[in-house]
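Numbering (the numbering used here), first residue to last: 1135 to 2129.
Backbone N, C-alpha and C define an ideal beta-carbon position, used for all residues, glycine too.
Please read these numbers as outputs of a predicted model, since none were measured by experiment.
I have placed the structure first, in the form of structure tokens, so that the comments after it can refer back to it.
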């Protein structure tokens, strides 16, 4: 019978000792197997010192109960009298459920923790080989492997070895295991051994002597036929041995598995032969290998099999590794490799990913390896397979700032320790931080965090991940600034040659020029230079993400020179989180946006305002333009003021478009490309309308004062009327007027012509701004007809002479400036023409088709690729628009939704009315949106309009980046464009031509 007071005292003591379930712990302590030690206070204190006292006690009871009766007293006596064993055994049981299971199955293995000699404290490869020497089959090898693993885990959890030593011991154990597995495979097939030489090359973390508790062991196999043996037969024998080795380690038996042996880093990966000769390896690496393969070979180390062959392999591939930075595609490969690949991580797991998530282990490893490849060709001290050793060497050589290296070193060790303890619990391959409170508590306590283990663990983890996230990009760039700045005496810094190598590796075509820009921006002791040195490491990384890093840096220097004396500029970039990245994206995306910004540098303030990139309403724009025009002293000043507003608003639109298309670290790229196109088209069209309104006001005021003798309206047609203008589009318009009371038609017509001529003159005044050309060629009689007509004249012409194509052109007519009431009456006049009652007759349909076919054959520029011309090419803008417009003219009289000037809205209305199936509507919409984006991209990149992809490689790559394609995938972009427009053309053939 338990005394109530004693139960209460035991319960409280168990709670104080860290047990989360004191009742269950009390029952376990009452187990008969622990009768001899249950009252010993040393035991309870030792259990309380483990990562998970409940788990440790359960494991101890299971181990004690599994002991033969004659051996149990020896275990218990040693447990209470020998502190080293007690700490080791209970430490393992409290940290690893899997090793507790192993001890319960193999109860005598606790003896492996008793010895406490110098060799036991820091065993190496020979000790592990001795530990596995008696294993002659896969099952025995697993038992012996776990026994050795038990000793490593015990030293790890007790702090006898640190995380680096733990990783090195795990790699040594893996090496010994591969040798033992090859010994077992060789014993099973001595005839194969006689036919070949086989070397096992460790890669990855095993090759770098920094293995996890549970990880795939990456290997490459090199084989040669034995003297006198046919090469093919020798390689077959070597392949059988290698395959058997892999099965011995990887297959699941009654004792589980050891770890998978992964040979996918070999030449050609899974598609290549498992074993190759040394000559075959070298032929592949010299001709076909990609940059990432040389990055992987950084860690290559011969570990098992034929030592001479393994040494020959390492000796042969080493020069190739350090020459990788000189390969033709190195820069493009590096740019692709540098972009984090987290797409395959489920969204719910990204924040828990210790390895691949933002600020994870891969960030450090990749940054270090890339710097090794760039600088290791001229500095042999960087030739190390160990991440931390290489990081130390990079710091010693001045390739990485010492303070940055120290912070990364500490963060990497902490993250690796977390990874080790997470995997140790169940000996499962995982890099996810657990979610359960109990798991986090055990993990925190295993890391030495005892007061508030969960809170302290999360805080420390986030802090170290933040350090990695902040520094892993700066690691590339901060030393570049140190190379051009004035450093403290004794500081090591990059040589100009090394700085140039690094810039070249990061995509800068003119490293010397880039260094000059950096020197101009960051050298000196002024506060401005100090802020630039803080900003530039991050900005350089964002520039390097673009297709033209050199232009990004040059443009940044120009903007900084223009705004250098304004107190808010650098403060904005430093303090407003999004402003600096937004600016970097805009400055390196092409010519148009930087040109606009350099003519109005103060517009950079828009990039730091959360609402600054939102398009402004048409009414607000027109009001601002008219107010500016009204304040001007003469028409030239008036139009200059209107142009100033247009310049700023064009920059706002281009910046929003670029940032939405590229995305930023905090907000991904806009997935709805149609919404992007609509925003650009609406914003540019509204801005053009406001600018025309300003020019009209200035022209009238210049010649007629406050009142024009005739009422005057500007009607937008084409893309302008459809709210679909691109950056390089002309403004297609019609001019309509109506004489005021008492004014003769001749006087009114002369006044209208005068205003139009003045508007054109003002808008064509020499300027560095993108031109705004007024095109009135869609008017009645085209270029042969008068520029402006009265409303009555339009009515007479359309009643008597109008052709079908003119009615089609009016589908996108909409008033944009001038007298609103007159514009509305013009729309009333043309509605019956563009939406004819009962639709089009067969003759009219034939005429439209004939005209379209003639346009395709005659208007496509000579030499243009019809599969890539966005306007007139196959499945391009013209194809989609004419198809939609034909449906409008046939059905808008009965379907009000079709009465719109906007292509996408009309297409959606046609689909809603059942005039076109869902799939076909989606195909047309996708092609129209893509073609429009390509035209916008060409203008953004080149600074001038174009209807096809640019031929110059860097410009083509920049168009690809805008469209969301990674570096080196322009071929894929062109293939996608052709595929999407080909499908659209098939719909056009059926819906427009009736094929």
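Per DSSP, what are the beta-bridge partners of residue i in this structure?
i, result
"residue 1240", "Looking at the DSSP assignment, residue 1240 forms no beta bridge with any residue, so it has no partner."
"residue 1354", "1335"
"residue 1923", "1870"
"residue 1390", "1387"
"residue 1359", "1330"
"residue 1630", "Beta-bridge pairing links residue 1630 to no other residue."
If contacts are defined as beta-carbon pairs under 8 Å, then residue i and residue j qualify, I think. What distance do you get, rounded to the angstrom?
i, j, result
"residue 1094", "residue 1495", "Absent from the structure is residue 1094, since the part of the chain shown begins at 1135 and ends at 2129."
"residue 1730", "residue 1683", "The pair is not a contact, with the Cβ atoms about 20 Å apart (cut-off 8 Å)."
"residue 1628", "residue 1669", "In fact, because the Cβ distance is near 19 Å, the residues do not count as touching under 8 Å."
"residue 1672", "residue 1714", "7 Å"
"residue 1763", "residue 1775", "6 Å"
"residue 1368", "residue 1376", "Contact doesn't hold; Cβ gap of about 13 Å is too wide."
"residue 1355", "residue 1432", "The pair is not a contact, with the Cβ atoms about 19 Å apart (cut-off 8 Å)."
"residue 1488", "residue 1565", "5 Å"
"residue 1726", "residue 1824", "So it is not a contact: roughly 19 Å between Cβ atoms."
"residue 2002", "residue 2111", "7 Å"
For residue i, which residues of its own chain have a beta-carbon under 7 Å away from its beta-carbon, when the five flanking residues on both sides are left out?
i, result
"residue 1541", "1601, 1605"
"residue 1475", "Low confidence applies to residue 1475: its pLDDT is 49, below 50, so where it sits in the model is not reliable enough to give any reading."
"residue 1919", "1913"
"residue 1811", "2063, 2066, 2067"
"residue 2127", "1983"
"residue 1686", "1677, 1680, 1718, 1721, 1722"
"residue 1155", "1188"
"residue 1326", "1371, 1374, 1375"
"residue 1146", "none"
"residue 2027", "1969, 1970, 1971, 1972, 1973"
"residue 1483", "1566"
If we ignore side chains and look at the alpha-carbon of each, how far apart do residue i and residue j end up?
i, j, result
"residue 1932", "residue 1909", "20 Å"
"residue 1891", "residue 1907", "13 Å"
"residue 1622", "residue 1185", "Residue confidence for residue 1622 is low, a pLDDT of 48 falling below 50, so the modelled location carries little weight; the figure read from the coordinates is stated next. The straight-line gap from Cα to Cα measures roughly 46 Å."
"residue 1880", "residue 1934", "22 Å"
"residue 1597", "residue 2075", "39 Å"
"residue 1281", "residue 1526", "34 Å"
"residue 1992", "residue 1406", "52 Å"
"residue 1887", "residue 1911", "15 Å"
"residue 1926", "residue 1895", "28 Å"
"residue 1301", "residue 1450", "27 Å"
"residue 2015", "residue 2061", "11 Å"
"residue 1391", "residue 1705", "58 Å"
"residue 1728", "residue 1737", "11 Å"
"residue 1386", "residue 1378", "14 Å"
"residue 1454", "residue 1310", "28 Å"
"residue 1501", "residue 1642", "18 Å"
"residue 1238", "residue 1193", "8 Å"
Which same chain residues, not among the five before or five after residue i, have their C-beta less than 8 Å away from its C-beta?
i, result
"residue 1159", "1148, 1153, 1187, 1188, 1191"
"residue 1497", "1474, 1602, 1603, 1606"
"residue 1509", "1516, 1528, 1531, 1533, 1632, 1635, 1636"
Skipping 5 residues on each side, what residues in its chain have a beta carbon closer than 6 Å to that of residue i?
i, result
"residue 1172", "1163"
"residue 2130", "Within the shown structure, residues of the chain are numbered from 1135 to 2129, placing residue 2130 beyond reach of any answer."
Checklist entry - At a cut of 8 Å, does the stretch 1339–1348 reach the stretch 1403–1423 through at least three beta carbon pairs? => result no
Next on the checklist: Can you confirm whether the stretch 1372–1392 touches the stretch 1325–1336 when touching is taken to mean that 3 or more C-beta pairs between the two stretches lie within less than 8 Å?
Outcome noted: yes
Checklist entry - Is the stretch 2031–2049 touching the stretch 2011–2023 in the sense that three or more CB pairs, one from each, lie closer than 8 Å? => result yes
Next on the checklist: Using a Cβ distance threshold of 8 Å, determine whether the stretch 1860–1867 contacts the stretch 2068–2088, with at least three qualifying pairs required.
Outcome noted: yes
Next on the checklist: Within 8 Å, do at least three Cβ pairs link the stretch 1973–1989 to the stretch 2047–2060?
Outcome noted: no
Next on the checklist: Under 8 Å, with one C-beta from each stretch per pair, do the stretch 1298–1309 and the stretch 1267–1278 reach the 3-pair mark?
Outcome noted: no
Item to check | Meets three-Cβ-pair contact criterion under 8 Å: the stretch 1447–1459 and the stretch 2097–2105 | outcome: no
Checklist entry - Are the stretch 2004–2013 and the stretch 2115–2125 in contact at 8 Å, needing three or more beta carbon pairs? => result yes
Checklist entry - Are the stretch 1834–1848 and the stretch 1798–1807 in contact at 8 Å, needing three or more beta carbon pairs? => result no
Checklist entry - With a cut-off of 8 Å, do at least 3 Cβ pairs link the stretch 1204–1216 to the stretch 1257–1265? => result no
Next on the checklist: If contact is defined by three or more beta carbon pairs under 8 Å, each pair taking one atom from either stretch, is the stretch 1649–1668 in contact with the stretch 1687–1701?
Outcome noted: yes
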